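Going by our numbering, the first residue of the sequence shown is number 385, and it counts up by one from there. Think of the CB as a built atom: it goes at the ideal place given N, C-alpha and C, for glycine as much as any other residue. Remember, predicted model here, so these are calculated numbers, not experimental data.
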Amino acid sequence: MGIDNMLMQDLSYGTSREYLVVSYAGGYAAATISGCNTRKYHGLLVAPQPQLDGNDHVLLSALAETVSCKDKMFPLGVHRYPGQYNPDGHAFITLFSADPVPCWTFKMGDAVITKELLMDESENRVSIRYILKEGPLSVSLQLQPFVAFRNMHTVGKANSFANLSVNAIDNGVQMRLYEGYDPLFMQVTGNAVFTNNGYWYYNAEYAVEQERGYESHEDLYAPGHFEVTLTKEQPVVFTAGLSLNNKFNFRVPASAKTMKERLLKAAKQFIINTDHGVAIRAGYYWFGSWGRDSCIALPGLTLLTGNVPVFAQVVETLQAGLNNGLLSNAGIGEHALYNTVDASLWFVWSLQQYNVKIWATYKEALSSILYNYRQGTLFGIKMLDNGLITAGEEGVALTWMDAVIGGVPVTPRRGVVVEINALWYNAVCFCLEAARNEGDEAFVKEWETLPAKIAASFIDVFWNEEKQYLADVENDWSVRPNQIFAVSLPFTPLKPHMQKAVVDKVRNELLTPRGLRTLSPLDERYSGHYGGDQGSRDHSYHQGAVWPWLLAHFTEAYLRTDKEAALPLLEELYEGMSDTLEECCLYSVPEIFDGNFPYKAGGAVAQAWSVAELIRMEHIINTYKRPVS
385 MGIDNMLMQD LSYGTSREYL VVSYAGGYAA ATISGCNTRK YHGLLVAPQP QLDGNDHVLL
445 SALAETVSCK DKMFPLGVHR YPGQYNPDGH AFITLFSADP VPCWTFKMGD AVITKELLMD
505 ESENRVSIRY ILKEGPLSVS LQLQPFVAFR NMHTVGKANS FANLSVNAID NGVQMRLYEG
565 YDPLFMQVTG NAVFTNNGYW YYNAEYAVEQ ERGYESHEDL YAPGHFEVTL TKEQPVVFTA
625 GLSLNNKFNF RVPASAKTMK ERLLKAAKQF IINTDHGVAI RAGYYWFGSW GRDSCIALPG
685 LTLLTGNVPV FAQVVETLQA GLNNGLLSNA GIGEHALYNT VDASLWFVWS LQQYNVKIWA
745 TYKEALSSIL YNYRQGTLFG IKMLDNGLIT AGEEGVALTW MDAVIGGVPV TPRRGVVVEI
805 NALWYNAVCF CLEAARNEGD EAFVKEWETL PAKIAASFID VFWNEEKQYL ADVENDWSVR
865 PNQIFAVSLP FTPLKPHMQK AVVDKVRNEL LTPRGLRTLS PLDERYSGHY GGDQGSRDHS
925 YHQGAVWPWL LAHFTEAYLR TDKEAALPLL EELYEGMSDT LEECCLYSVP EIFDGNFPYK
985 AGGAVAQAWS VAELIRMEHI INTYKRPVS
């Protein structure tokens, strides 16, 4: 089922929804479904350039197509410049579908042409196939590439340093706008002729960047155009990649119809191959590999999608970067930053989901984490005499609520934090269980008295019998979703009546149809809308914005306390999330939503843990419903 011409000809609709296709090699193609780039992160070939930095780079920004038929020219592209769209090729779109690949149907007079877009699975190469479906026996197709060659976080400007030369290759041309970049190979089937009449296009405008308060105008270079005849008998394929293409294969993947199938397909987009090993990309477009996000998303993206070998490969990449018991917060290798207190504890949780002899395989990594947290490591992370973990330094945000404005955390959570200690209790209990199973008596003897001490201190510090919920940080009674982990994790320090009270508090004040709010709307600091410039966005990021990744943990906690009675609401929540797969990036799940109705999507358009935890939510519900044999 596709989107019809009435909606596609409405630019407000066509520019508010995006497509994303990804290569295992780390590159991607993305734009709005109208074909217009509205973000600096959009492009037909956006790929890593590890020889330059740890970011992706926009190499091929866009491709302008013009069809000549019966002495008439029909431009199919859509570009935005200050005050106008030019050309307005969306007027010729009669149908768009994102399944199984992005596919546009254009009608120009009697001619009907389809355009399909595909990323190579194993290398950074985009392929676009044009098919003449109806009308004359042939038409002339002109393809004009727009190149950028710049870091995805910046915009480019016309300059005298650009290398504008174009070299002929088999079926196309090769160019490299700036020194240090991989060359871009652009090729076309069908005896295409390339005309080298390059010039700069000035002030391409990115509307979303304007809204987000960033530089939003870019100059793009068009090195010339390809001219090729498109016939009914022979499709034309355009490819752009980082090496010469000799195959021109165009294998369309299987279609995904149900919500679960679409989530499983989306899961593949976050697993990428890097110079440091297989990794999880936290989100699109501006996120790279984040330790916390990787560990939380890993079970849902791999174990529950049947991609079990990749779990071990990602774990190997993660533990290779272990430093003083800490996993990196962001980046890999020389680009790694370690400002996180919870990534290592989520690493332990992730291994809990893995059905192998954990202690025999991962004892060294697990021991490093526990011993470093107990004796003290970077950023003031250490165990107190009461068994709880404290963490933090001035101006540093170490938990997942990590927004910082002007060097000051928006959500100050320095000290003894609720989910950190729930994770710490869970980690110690799990490692003891794993060590016992492997007969490691020395480890068990050294650590076996600690869980009871942690549990008693946890209740003493965080629980209030009168309030009937958990503090977020010691002496901070903000109602936040972080307390749900004290119920959802496999090992909980809470007594049953406490678990029930926590779940009721979260359900009554934080639950929405899109996930859990990060702050109760009854709090005067609550912000129900996420948008505007970076300062405005960061202010509301964890002060009311809704995060869908929390739904899986809410599901576990609610089933633990309410058993079968929880199922109707949980199933309604899961099914209701199906709409989100068509609201922003087709077919994926965004990072966050507004805390207020109608819960508008925001943040990254496709987020790893959003997708992974919805997969896990469905698995938790169905596992609970499955009768015990």
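Buried or exposed, going by whether 16 or more other CB atoms sit within 10 Å of the CB of Met390?
Working through the sequence shown from its first residue, we reach residue 390 at position 6. Result: exposed.
Alpha carbon to alpha carbon, what distance is there between Ala985 and Gly438?
Your numbering for residue 438 matches position 54 in the sequence shown. Your numbering for residue 985 matches position 601 in the sequence shown. In a straight line, the C-alpha of Gly438 is about 28 Å away from that of Ala985.
What ranges does the alpha helix (DSSP H) occupy inside the stretch 768-822, keeping only unbroken runs of at least 4 residues that lie completely in it?
802-821
Alpha carbon to alpha carbon, how far is Asn756 from Val828?
Your numbering for residue 756 matches position 372 in the sequence shown. Your numbering for residue 828 matches position 444 in the sequence shown. Whole-angstrom Cα-Cα distance: 17 Å.
Which whole-angstrom value is the C-beta distance of Tyr585 and Asp603, which I expect to be below 8 Å?
Here residue 585 is taken as the residue at index 201 of the sequence shown, counted from 1. Here residue 603 is taken as the residue at index 219 of the sequence shown, counted from 1. The pair is a contact, with the Cβ atoms about 7 Å apart (cut-off 8 Å).
Between Asn580 and Pro607, is the Cβ-Cβ spacing less than 9 Å?
Locating residue 580 in the sequence shown gives position 196, where the first residue counts as 1. Locating residue 607 in the sequence shown gives position 223, where the first residue counts as 1. Yes, Cβ-Cβ distance for Asn580 and Pro607 is below 9 Å.
Taking only three categories from DSSP, how would you classify His426?
Working through the sequence shown from its first residue, we reach residue 426 at position 42. If DSSP states are grouped into helix, strand and coil, His426 belongs with coil.
Three-state secondary structure assigned by DSSP to Asp824
Taking the sequence shown and counting its residues from 1, one reaches residue 824 at position 440. Coil, per DSSP.
Endpoints, alpha helix (DSSP H) assigned at Asp922:
Taking the first residue of the sequence shown as position 1, residue 922 is located at position 538. Run containing Asp922: Gln918 to Tyr925, per the alpha helix (DSSP H) assignment.
Which class does Trp730 belong to by DSSP, given the choice of helix, strand or coil?
Residue 730 sits at position 346 when you count from the first residue of the sequence shown. Here Trp730 sits in helix by DSSP.
With DSSP run on the structure shown, which of helix, strand or coil describes Gln737?
Stepping through the sequence shown from its first residue, residue 737 is reached at position 353. Gln737: coil per DSSP, three-state reduction.
Look up Gln883 in the DSSP assignment and say whether it is helix, strand or coil.
Your numbering for residue 883 matches position 499 in the sequence shown. Gln883: helix per DSSP, three-state reduction.
If the criterion is Cβ atoms closer than 9 Å, does the pair Ala992 and Arg665 meet it?
Position 608 of the sequence shown, counted from the start, is the residue given in the question as residue 992. Position 281 of the sequence shown, counted from the start, is the residue given in the question as residue 665. Taking 9 Å as the Cβ cut-off, Ala992 and Arg665 qualify as a contacting pair.
Assuming Ala936 and Ala650 make a contact with CB atoms under 8 Å, what is their CB distance in whole Å?
Here residue 936 refers to the residue found at position 552 of the sequence shown. Here residue 650 refers to the residue found at position 266 of the sequence shown. In fact, because the Cβ distance is near 15 Å, the residues do not count as touching under 8 Å.
From Leu561 to Ser544, what distance separates their C-alpha atoms?
Residue numbering aside, residue 561 sits at position 177 when the sequence shown is read from its first letter. Residue numbering aside, residue 544 sits at position 160 when the sequence shown is read from its first letter. Distance between the alpha carbons of Leu561 and Ser544: 11 Å.
Glu507: first and last residue of the uninterrupted alpha helix (DSSP H) it sits in
Here residue 507 is taken as the residue at index 123 of the sequence shown, counted from 1. No alpha helix (DSSP H) holds Glu507; DSSP gives it neither H nor E.
Among residues of its own chain, excluding the 5 on either side of Ala749, which ones have a beta-carbon nearer than 8 Å to its beta-carbon?
As a first step, residue 749 is located in the sequence shown; it is residue number 365 there, counting from the start. Around Ala749: Gln703, Leu706 and Phe731.
Go ahead and pull the three-state DSSP assignment for Val485.
Taking the sequence shown and counting its residues from 1, one reaches residue 485 at position 101. The answer is coil: DSSP assigns Val485 none of H, G, I, E or B.
What did DSSP end up calling Arg560 once you bin it into helix, strand or coil?
Counting from one through the sequence shown, the residue named residue 560 turns up at place 176. Three-state result, Arg560: coil.
If Ile804 sits next to Ala775, beta carbons under 8 Å apart, how far is it from one beta carbon to the other, in whole angstroms?
By 1-based counting over the sequence shown, the position of residue 804 is 420. By 1-based counting over the sequence shown, the position of residue 775 is 391. Confirmed, Cβ separation roughly 7 Å.
Bridge-paired residues (DSSP) for Gly661:
Position 277 of the sequence shown holds residue 661. Per DSSP, Thr658.
So the alpha helix (DSSP H) Met390 belongs to, where does it begin and stop?
Taking the sequence shown and counting its residues from 1, the one referred to as residue 390 is at position 6. Met390 -> alpha helix (DSSP H) spans Asn389 to Met392.
Look at Leu436 and Asn535 and say whether their C-beta atoms are less than 9 Å apart.
In the sequence shown, counting from the first residue as 1, residue 436 sits at position 52. In the sequence shown, counting from the first residue as 1, residue 535 sits at position 151. For Leu436 and Asn535, yes; Cβs fall inside 9 Å.
I'd like the list of long-range same chain contacts for Asn708, defined as Cβ closer than 7 Å, with 5 residues on each side in sequence excluded.
Residue 708 sits at position 324 when you count from the first residue of the sequence shown. Excluding positions up to five away in sequence, the list reads Asn756, Thr761 and Leu762.
Assuming Tyr1008 is part of the alpha helix (DSSP H), what are its boundary residues?
Taking the sequence shown and counting its residues from 1, the one referred to as residue 1008 is at position 624. Where Tyr1008 is concerned, the enclosing alpha helix (DSSP H) stretches over Ala992 to Lys1009.
Determine the burial state of Val788: buried for a count of at least 16 other Cβ atoms within 10 Å of its Cβ, exposed for fewer.
Residue mapping note: residue 788 aligns to position 404 of the sequence shown, counting from 1. Classification for Val788: exposed.
Less than 9 Å separating the beta-carbons of Ser524 and Thr623?
Position 140 of the sequence shown, counting from 1, holds the residue named residue 524. Position 239 of the sequence shown, counting from 1, holds the residue named residue 623. Taking 9 Å as the Cβ cut-off, Ser524 and Thr623 do not qualify as a contacting pair.
For Gly987, is the classification buried or exposed, using 16 other Cβ atoms within 10 angstroms of its Cβ as the cut-off for buried?
Start at 1 with the first residue of the sequence shown, and residue 987 comes out as number 603. Buried is the call here.
Quick one: what's Leu721 bridged to in DSSP?
Counting from one through the sequence shown, the residue named residue 721 turns up at place 337. Paired residues: Ala714.
Taking the straight line between their C-alpha atoms, what separation do you get for Glu1042 and Ala836?
Missing from the structure shown is residue 1042; the chain here goes from 385 to 1013 and no further.
Would you call the CB atoms of Leu1015 and Val692 closer than 9 Å?
Residue 1015 lies beyond the stretch modelled for the chain, which goes from 385 to 1013, so this question has no answer here.
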